[in-house]
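At position 47 of the sequence shown the residue is numbered 114 (the numbering used here), and the sequence of numbers has no breaks.
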Amino acid sequence: MIKLQVSEAIRACLDKKAEEIAILELEKGSGAFTDYFVVCSGTNPRQVQAISDEVELRLKRAGLRPTHIEGYRQAEWVLLDYVDFVVHIFSEKARK
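Now the structure itself:
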């Protein structure tokens, strides 16, 4: 089930033309607080927010809401925490 939700988040990123998309699967038993990181970049603050909005919308339709959102207003690094996976959306500047 988690992999389907992660896939939906990735499709949302792709639909909003996110760049440099990476999926990191964290090892079980490593003490990690989540199973996956989805990491991507937007070229400007408006795109970073658009990617974040699309991920939220798609996952909301699937019955998921983030437990925590950070950085949306500044749009340099947005974090969407879905407990089993976390979506990180960076501006190009913040990712480098």
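Glycine included, each C-beta is placed from N, C-alpha and C at the ideal position.
These numbers come from a predicted model, not from an experiment.
| Query | Result |
| --- | --- |
| Cutting at 8 Å between CB atoms, please list the residues of its own chain near K160, excluding the five before and the five after it. | E143 |
| Could you give the C-beta distance for P133 and E121, rounded to a whole number, given that I count them as a contact under 8 Å? | Wrong, their Cβ atoms sit about 13 Å apart, outside the cutoff. |
| Taking the alpha-carbon of E152 as reference, which of Y139, D82, L81, H135 has the nearest alpha-carbon? | The amino acid at residue 152 is misidentified as Glu; the sequence shows Phe. Closest by alpha carbon: H135. |
| Pop quiz: V115 and H155 are said to be a contact at Cβ under 8 Å. What is the actual Cβ separation, rounded to whole angstroms? | Contact doesn't hold; Cβ gap of about 11 Å is too wide. |
| Would DSSP call E159 helix, strand or coil? | helix |
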